[in-house]
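**Student:** Right, I'll just put the structure down here and ask away after.
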Amino acid sequence: MNIPKGKLVLLGSSSAGKTSLATRFVKNTFNLEQQATIGAAFLTQVVNIGKTQFMFEIWDTAGQERYAAIAPAYYREAAFVLVVYDVSDSKSYERAKQWVAEVKNSNRTPKFMALCGNKCDLVKEEWQVDSSEAQVFAQQNQMIFSETSAKLNKNVVQVFTQLAEQHIKANPKLLENDGGKIRIDEVEPKKGCC
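Dropping the structure here:
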């Protein structure tokens with residue numbers, strides 16, 4: 080069975096929780112001592128949307144500024160971008176907004192984007208980013224908005240699922256399920272000129 084797939088790139092500041100989100104989504108684990116990503120890491124995960132399966136090819140990019148120059152090589156051909164910030168770090172939110180602008184100004188903007196405020200398990204007094212402000216920013220940029228906790232597994236699967244649902248909604252004929260098989264509509268043969 081051929082499962083449709085799409086490239087998803089995680090962008091955000093170092094320590095925003097990109098690797099933790101990806102690891103929670105793919106392996107359902109959380110490592111409190113997660114090391115910073117060097118370059119990029121690659122993971123895959125299949126989600127079920129109704130009777131349809133969809134595979135994410137996830138590129139977890141490094142958040143350190145010294146790696147920022149290589150990020151366009153990853154998001155250039157991406158169908159999905161998940162921009163992550165730490166709700167307790169206003170600088171990571173400002174950097175997330177810069178990532179959104181950079182991606183949108185690139186030649187090949189992904190069709191589906193999400194803004195994700197991670198670490199929502201922290202007590203509200205530690206939050207430096209206002210939820211409603213981030214939600215408005217996401218809406219203005221036609222992005223899904225979610226607040227997640229990789230630590231508590233809150234809204235992690237949901238944000239990835241919402242991205243897949245958007246893709247399926249935009250491409251219904253390519254992803255129709257017929258008895259466990261993905262049906263790709265046949266193309267009408269072109270008629271000759273004679």
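Start counting at 1 in the sequence shown, then tack on 79, and there's your number in this note's numbering.
For every residue, glycine included, the Cβ atom is placed at its ideal position computed from N, Cα and C.
According to DSSP, Trp274 sits in a beta bridge with which residue or residues?
**Tutor:** Examination of residue 274 is not possible in this model, given that the chain is present from 80 through 273 alone.
**Student:** If we count the other Cβ atoms within 10 Å of its Cβ and call it buried at 16 or more, is Ser92 buried or exposed?
**Tutor:** Here residue 92 corresponds to residue number 13 of the sequence shown, with the count starting at 1. By the neighbour-count rule (16 or more Cβ atoms within 10 Å), Ser92 is buried.
**Student:** Consult DSSP for Phe159 and reduce its assignment to one of helix, strand or coil.
**Tutor:** Mapped onto the sequence shown, residue 159 falls at position 80. In the structure shown, the three-state DSSP call for Phe159 is strand.
**Student:** Measuring only the C-alpha atoms, how far is Ala243 from Met222?
**Tutor:** In the sequence shown, counting from the first residue as 1, residue 243 sits at position 164. In the sequence shown, counting from the first residue as 1, residue 222 sits at position 143. Ala243 and Met222: Cα-Cα distance of roughly 13 Å.
**Student:** Between the C-alpha atoms of Leu90 and Lys130, what's the straight-line distance to the nearest angstrom?
**Tutor:** Counting from 1 along the sequence shown, the entry for residue 90 is found at position 11. Counting from 1 along the sequence shown, the entry for residue 130 is found at position 51. For Leu90 and Lys130, the distance between alpha carbons rounds to 30 Å.
**Student:** Mapping DSSP to helix, strand and coil, what is Ser171?
**Tutor:** Looking up residue 171 in the sequence shown gives position 92. Looking at Ser171 - three-state DSSP - the assignment turns out to be helix.
**Student:** Considering only C-alpha positions, which residue in the set Asn81, Leu100, Pro83 is nearest to Thr227?
**Tutor:** In the sequence shown, the residue the question calls residue 227 occupies position 148. Checking every option, the nearest Cα to that of Thr227 belongs to Leu100.
**Student:** Go to Phe191, then tell me how far its beta strand (DSSP E) extends in each direction, as first and last residue.
**Tutor:** For the purposes of this step, residue 191 is taken as residue 112 along the sequence shown, with counting starting at 1. Counting along the chain, the beta strand (DSSP E) containing Phe191 begins and ends at 191-197.
**Student:** Find the nearest neighbour of Ala175 within the set Lys248, Gly196, Asn184, Leu122, judged by alpha-carbon distance.
**Tutor:** Locating residue 175 in the sequence shown gives position 96, where the first residue counts as 1. Ranking Lys248, Gly196, Asn184, Leu122 by Cα distance to Ala175 puts Gly196 first.
**Student:** Excluding the five sequence neighbours on either side, which residues of its own chain have a C-beta within less than 7 Å of the C-beta of Trp178, listed in chain order?
**Tutor:** Here residue 178 refers to the residue found at position 99 when the sequence shown is read from its first residue. Result list for Trp178: Leu90, Gly91, Val162, in chain order.
**Student:** Below 8 Å, how does it come out for the region 199-211 and the region 151-159: are there three or more Cβ pairs, yes or no?
**Tutor:** With the rule of 3 Cβ pairs closer than 8 Å, the region 199-211 does not count as touching the region 151-159.
**Student:** Pop quiz: Ser167 and Glu112 are said to be a contact at Cβ under 8 Å. What is the actual Cβ separation, rounded to whole angstroms?
**Tutor:** Here the question's residue 167 lines up with position 88 in the sequence shown. Here the question's residue 112 lines up with position 33 in the sequence shown. At roughly 18 Å, the Cβ-Cβ gap does not stay under 8 Å, so Ser167 and Glu112 are not in contact.
**Student:** Using a threshold of 8 Å, state whether the C-beta atoms of Asn220 and Lys183 are closer than that.
**Tutor:** To locate residue 220, count along the sequence shown from 1; it is residue 141. To locate residue 183, count along the sequence shown from 1; it is residue 104. Yes. Within cutoff.
**Student:** In the DSSP assignment, the beta strand (DSSP E) including Ser225 goes from what residue to what residue?
**Tutor:** As a first step, residue 225 is located in the sequence shown; it is residue number 146 there, counting from the start. Where Ser225 is concerned, the enclosing beta strand (DSSP E) stretches over 223-226.
**Student:** Beta-carbon within less than 8 Å of Asp139's beta-carbon, same chain only, minus the 5 sequence neighbours each way: which residues are those?
**Tutor:** Your numbering for residue 139 matches position 60 in the sequence shown. Contacts found: Leu89, Lys97, Thr98, Ala101, Thr116, Ala119, Ala120, Phe121, Leu122.
**Student:** Using a Cβ-Cβ cut-off of 8 Å (strictly less than) and excluding sequence neighbours within five positions of Phe109, which residues of its own chain qualify?
**Tutor:** On the sequence shown, position 30 is the one that residue 109 refers to. If we look at Phe109 and ignore the five residues flanking it on each side, its Cβ neighbours are Ser99, Thr102, Arg103, Ala229, Lys230, Asn232.
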